[in-house]
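To keep things clear, I will list the structure first and then write my remarks on it.
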Amino acid sequence: MTRAVLFNLFAISIFLIGAGLYVRYLESEPLPPSQPQEQLSAAGVSVGATSTAPVATSSVAAATTTVQATASPTGVVRKSNNKAIPSTSTTTEVARVQDPYSTPPESFAQINTDARAALVNILCEPQGGSSLNPISGSGVIIDPRGVILTNAHVAQYVLLSESPRVNLTCFVRTGSPATAEWSAAVLYIPPIWVSQHVSEILDQHPTGTGEHDYALLYITGSVNGAQLPPTFPSLPVDTRPAIGFPGDQVLVASYPAELIGGIAAQYDLYADTSVTTIKQLLTFGSGTPDVVSLGGVIEAQSGSSGGAVINMWGRLIAIVATTSGGTTTADRDLRGVALSYINTDLTAQSGVSLGVLLQ
């Protein structure tokens, strides 16, 4: 099956399922008045990492660790449609992937450069009196043909923008400051996530754990009508379980927006990257390491949803999904959904693994 046929099958089926649910819901419920631009729900600012970031070493943590079970989403708020996963005392022991690569780790200076090239901002703005709120989120290109991995709670707006009955326009932006470059369409969003969260589209502070919260977009055209590049900068993915372990250094990249306000998010939004360590692993209940806890980094704010978590070999191992509450980013715990979970869940939901899809 060719790439074009596969893309079309996914896009058409998921569009019909998701857009139908959303549009029916929006038509059946009275919509609140539009919020002013200052209330842009997921705006961002940059405090980027520099080339002075420490160079990764090959040292690793213990060979096994415990995985905390995650609780229900009750009381958990997603900031910029993104917040944290509480844990319980239930634990499962998992083993580290030993000697995962045949090459030495890269410097974080190089990883930072590659991450910023593949990172995108997804900005969706209502048009013509729409009662939807504008949103801004992050994503990362994972295939040189223009496939973007992000959260379902970001991609749902792109899905809505594909309906002629919803006055919403979405752009894929790159660079610092972020500049609109491309249009995109939904390649895949889990129908189970759509059915569970369709009623939250108008919530200012939706709740969730990050389960099923992923989606794939693909770039369809240039904003200015120019020809698309033959290839896009992209990051390789690693979908193996336990490829990221407590104590491992990772680079987090996103377009955080909470601290600068809506107007600045539209016109003066910068990418942000920082180096941190994985604090713990969490599971959605299967005992597998589905979520990585990253602590109170600067990216723990609205707009970071869909951002990249990259290991010392430049592989994408998780995407930002939730963050706990806190007055400052240092008080919060940023968490990412592991690529191993996304791959397993994608296979269960669609019958196609991420690797097969990208082939």
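Going by this note's numbering, the first residue of the sequence shown is number 1, and it counts up by one from there. Cβ atoms here follow ideal geometry from the backbone N, Cα and C, with glycine treated the same way.
Exercise for the section: Sort Thr276, Trp313, Ala308 by Cα distance to Pro256 and report the nearest one. Expected result: Ala308
Problem - Residues near Arg240 in its chain [Cβ-Cβ closer than 8 Å; skip 5 each side] - result: Val97, Pro100, Ser340
Exercise for the section: Report the residue from Ala300, Gly175, Val275, Pro233 whose alpha carbon sits nearest the alpha carbon of Asn121. Expected result: Measuring from the Cα of Asn121, the nearest candidate turns out to be Gly175.
Handout entry: Cα-Cα separation between Gly137 and Gln266, rounded to whole angstroms
Key = 12 Å
Handout entry: Inter-stretch contact at 8 Å, needing at least 3 Cβ pairs: the segment 305-321 / the segment 344-358
Key = Too few Cβ pairs lie closer than 8 Å, so no.
Handout entry: Residues near Gln127 by beta carbon distance below 7 Å, same chain, minus five either side
Key = Asn167, Leu168, Thr169
Problem - Touching by the beta-carbon criterion (3+ pairs, under 8 Å), the segment 111-125 and the segment 228-242 - result: The segment 111-125 vs the segment 228-242: in contact.
Practice task
Have a look at the DSSP bridge pairing and note the partners of Tyr214.
Solution key: Beta-bridge pairing links Tyr214 to no other residue.
Practice task
Determine the direct distance from the alpha carbon of Phe171 to that of Val186, and round the result to whole angstroms.
Solution key: 13 Å
Problem - Val337 - partner residues in DSSP beta bridges - result: Val291, Ile319
Problem - Under the three-state DSSP convention, the category Ala178 falls into - result: Of the three classes helix, strand and coil, the one that applies to Ala178 here is coil, per DSSP.
Handout entry: With 16 other Cβ atoms within 10 Å as the buried cut-off, status of Gly314
Key = buried
Exercise for the section: Select from Ser102, Leu358, Gln349 the residue whose C-alpha is nearest the C-alpha of Ile189. Expected result: When each option's Cα is compared against that of Ile189, the closest is Gln349.
Problem - Supposed contact pair Trp182 and Val223 - C-beta distance, whole angstroms, cut 8 Å - result: That pair is a contact at about 6 Å.
Handout entry: Proximity winner among Gln359, Val198, Ala338, relative to Phe245 (alpha-carbon distances)
Key = Ala338
Problem - N- and C-terminal bounds of the alpha helix (DSSP H) containing Ser161 - result: 152-161
Exercise for the section: Please name the residue, chosen from Glu162, Leu346, Val297, Leu316, that lies closest to Thr327 on a Cα-to-Cα basis. Expected result: Val297
Practice task
Would you mind sorting Asp331 into buried or exposed? The rule is 16 or more other CB atoms within 10 Å of its CB.
Solution key: In this structure Asp331 is exposed. Its beta-carbon is surrounded by fewer than 16 other beta-carbon atoms within 10 angstroms.
Exercise for the section: Take the Cβ of Ser302 as the centre, count every other Cβ of all protein chains shown within 10 Å, and call the residue buried at 16 or more, exposed below. Expected result: buried
Exercise for the section: Have a look at Ala264 and His153 and give me their C-alpha separation to the nearest angstrom. Expected result: 22 Å
Handout entry: Whether Gly139 touches Leu149 by CB criterion (8 Å)
Key = yes
Handout entry: Whole-angstrom distance between Asp268 and Leu374, CA atom to CA atom
Key = Coverage of the chain is limited to positions 1 through 359, which leaves residue 374 absent and any answer about it impossible.
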